[in-house]
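Residue numbering for the sequence shown is 55 to 474, as defined by the numbering used here. See below for the structure under consideration.
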Amino acid sequence: MNRRIVLVFLAAAVALLVLAGSLPLSSRSRAQSFFGAQRFPAIEVDTADNLYLMMSVATAPASEHRPHSQIFFTMSRNGGVDWDNLPQTRNLSNSPGEAFGPSLAVGKSIPARVYVTYHDNSTGTTQAYLLRTKKKTKFRRPANITPHNGGAFAPRVALDSTGAVNIVWGDTNQNLGKVVFVRSTDEGASFTAPLNVSRSSGVAFDPEIAVDSSDAMNVVWQDTAPGKSVIMFSRSTDGGKTFSDPKQISTGRGAATEAAIATDSAGRLSVVWVDESTGSAEAFYSRSTDNGQSFSEPFNVSRFPGGDIHKPTVVASQNVVYVAFQNGDLFGEETIKNEQVYIARSDNAGVSFADIEQVSNAKNSVGRAHSPAMTVDSRGVLHIVWIDASIVGNDEGLLFYSNSANGHSFSKERMILAVI
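So, in structure tokens, the structure goes:
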């Protein structure tokens, strides 16, 4: 099925929702006829509990040879009840190429400053870009922050208490796969020269960054130096001028990939990744209570025998830690498809986790649920989004949102369309 047909199907699906009364009256009267398939969401919350949501959106058929993946933005000012995606969702990247994979950071000032990183191939090479607000939610034009002609993939952004902008990405300049760090102390107007954090003899890529309560920068990534893929960690306590020697966190016999990291108000670090040591892909978790000096023995938090876990993500708030992931394979004795998004909650800062809960409700005979992203507001409410590809099929997804006060019961899922 080509992308043009998919987009028509999306419009038809929304028309059915309008007729059925699933969209608010105000939305029905303003609904447009063109909706893009969504991928790779990112969600954050500010100090006033406003929610900010970024996503990659297919905006044109690939056959037309014009921009067909952009970064879109919407927000909610009432805890996820309503979103500013109708009558139109805002295209922030307006790229002549493909813009993909947003990362989002929101400052603590009022009004909040918002920063978004993503990669874009409009120069002919995939490079790192930055979007930043100039007034409330009005964004400046995208800036290419890659200081060379090489590749810069999957940039990730985090802010410290001073508002400094800290970014890591996977860098392939001079054909070397490494993780680099840059920092801006002037609200993203300029950046330091890239610093090699990974210092690996192998290939280092897919970094994630979290700034803790002491403004230390904590970075994890995937590294092939040991002869297999492992998860590495490094930390800076001097504003990114230097980083500690990389430390391996994963300990299993199998490959470890897709790391994510979070920190809580006490400075404790939570790291999750995909580990294949059990013979299947599972979500493993480890934590540090001593500023990354040591990490706990990793353990399986997904507990899906025969599963195929991907896209794990983690958030931490006080003593509560949430781990979310997608399961993408057959599992169990009855080999039932469970291609859904799941979540596990810890109430003791990651010492142990409760049984997993299913969040999504994709019709697996048509498509899967995948790519969860989440944040926790000042009240402790969890806000989670994911992609559901069972509405349209052909793995073309629509974005859904839900929230929970306890990680066990969730609000009715809500579709958030990318209206073009």
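We put the beta carbon where it would ideally sit given N, CA and C, even for glycine. Values in this document were obtained by computation on a predicted structure and should not be read as measured data.
Assuming the contact rule is C-beta atoms closer than 8 Å, residue i and residue j should be a hit. Round their C-beta distance to whole Å, please.
{"i": "histidine 462", "j": "glutamate 393", "result": "Contact flag wrong, Cβ pair sits at about 22 Å."}
{"i": "valine 326", "j": "valine 377", "result": "5 Å"}
{"i": "leucine 107", "j": "valine 99", "result": "Not a contact, Cβ separation roughly 10 Å."}
{"i": "phenylalanine 154", "j": "phenylalanine 193", "result": "Actually they do not touch by this definition, with Cβ atoms about 17 Å apart."}
{"i": "tryptophan 223", "j": "alanine 212", "result": "With 8 Å as the limit, tryptophan 223 and alanine 212 do not qualify as a contact, their Cβ atoms being about 13 Å apart."}
{"i": "isoleucine 285", "j": "alanine 310", "result": "5 Å"}
Give the DSSP-derived three-state secondary structure of residue i in the structure shown.
{"i": "asparagine 139", "result": "coil"}
{"i": "glutamine 181", "result": "strand"}
{"i": "glutamine 347", "result": "coil"}
{"i": "glutamine 228", "result": "helix"}
{"i": "isoleucine 474", "result": "coil"}
{"i": "phenylalanine 88", "result": "coil"}
{"i": "leucine 107", "result": "strand"}
{"i": "arginine 341", "result": "strand"}
{"i": "leucine 452", "result": "strand"}
{"i": "lysine 192", "result": "strand"}
{"i": "arginine 509", "result": "The chain is shown from 55 up to 474; residue 509 falls before or after that span and cannot be answered."}
{"i": "leucine 323", "result": "strand"}
{"i": "leucine 213", "result": "strand"}
{"i": "isoleucine 363", "result": "strand"}
{"i": "lysine 417", "result": "coil"}
{"i": "valine 369", "result": "strand"}
{"i": "threonine 101", "result": "coil"}
{"i": "arginine 144", "result": "strand"}
{"i": "phenylalanine 287", "result": "strand"}
{"i": "valine 405", "result": "coil"}
{"i": "valine 430", "result": "strand"}
{"i": "threonine 305", "result": "coil"}
{"i": "threonine 317", "result": "strand"}
{"i": "glutamate 411", "result": "strand"}
{"i": "phenylalanine 353", "result": "strand"}
{"i": "serine 458", "result": "strand"}
{"i": "glycine 155", "result": "strand"}
{"i": "arginine 82", "result": "Its pLDDT being 35, under 50, arginine 82 is placed unreliably in this model, and the value from its coordinates should be taken loosely. In the structure shown, arginine 82 sits in a helix (DSSP, three-state: H, G or I)."}
Give the range of the beta strand (DSSP E) segment to which residue i is assigned.
{"i": "glycine 205", "result": "Per DSSP, glycine 205 belongs to no beta strand (DSSP E) and is neither H nor E."}
{"i": "histidine 173", "result": "168-174"}
{"i": "asparagine 381", "result": "374-381"}
{"i": "glycine 447", "result": "436-447"}
{"i": "threonine 128", "result": "124-130"}
{"i": "proline 196", "result": "Unbroken run through proline 196: none, as it is neither H nor E."}
{"i": "arginine 399", "result": "395-400"}
{"i": "asparagine 272", "result": "271-277"}
{"i": "aspartate 260", "result": "258-265"}
Nearest to residue i by CA position, among the options, is which residue?
{"i": "asparagine 272", "options": "Glu241, Ile315, Gly134 and Lys282", "result": "Ile315"}
{"i": "glutamine 372", "options": "Gly333, Asn381, Leu436 and Ser350", "result": "Leu436"}
{"i": "serine 288", "options": "Ser268, Arg253 and Ala208", "result": "Arg253"}
{"i": "phenylalanine 407", "options": "Val368, Asn381 and Ser425", "result": "Val368"}
{"i": "tryptophan 275", "options": "Lys295, Asn250 and Phe154", "result": "Asn250"}
{"i": "glutamine 302", "options": "Asp277, Pro165 and Ser319", "result": "Asp277"}
{"i": "serine 126", "options": "Thr143, Asn132 and Val135", "result": "The question names serine, but residue 126 in the sequence shown is phenylalanine. Closest option to phenylalanine 126, Cα to Cα, is Thr143."}
{"i": "asparagine 148", "options": "Asn175, Asp266 and Val168", "result": "Asn175"}
{"i": "arginine 167", "options": "Thr180, Arg186 and Phe154", "result": "Arg186"}
{"i": "isoleucine 164", "options": "Tyr172, Gly178, Val265 and Thr191", "result": "Thr191"}
{"i": "glutamate 262", "options": "Ala159, Ala91 and Trp137", "result": "Ala159"}
{"i": "glycine 256", "options": "Asn381, Ile470 and Gly231", "result": "Gly231"}
{"i": "asparagine 381", "options": "Ser356, Ala370, Val405 and Pro352", "result": "Ser356"}
{"i": "asparagine 227", "options": "Thr179, Phe193 and Thr171", "result": "Thr179"}
{"i": "threonine 216", "options": "Thr101, Asp240 and Ile199", "result": "Asp240"}
{"i": "methionine 129", "options": "Asn145, Asp138 and Ser123", "result": "Asp138"}
{"i": "alanine 208", "options": "Glu467, Ala313 and Thr246", "result": "Ala313"}
{"i": "serine 456", "options": "Thr429, Asp449 and Val473", "result": "Thr429"}
{"i": "alanine 112", "options": "Glu467, Leu453 and Gly133", "result": "Leu453"}
Tell me, please, which residues DSSP counts as bridged to residue i.
{"i": "glycine 161", "result": "Answer by DSSP bridge pairing: none, since glycine 161 is not bridged."}
{"i": "leucine 249", "result": "Phe235"}
{"i": "histidine 424", "result": "Ile441"}
{"i": "aspartate 329", "result": "Ala310 and Glu336"}
{"i": "valine 219", "result": "Leu213 and Ser238"}
{"i": "phenylalanine 297", "result": "Paired residues: none, contrary to the question."}
{"i": "alanine 96", "result": "Met108"}
Check whether chain B comes within 8 Å of residue i, counting only Cβ atoms and requiring the distance to be less than that.
{"i": "aspartate 100", "result": "This model lacks chain B altogether; it includes just one protein chain."}
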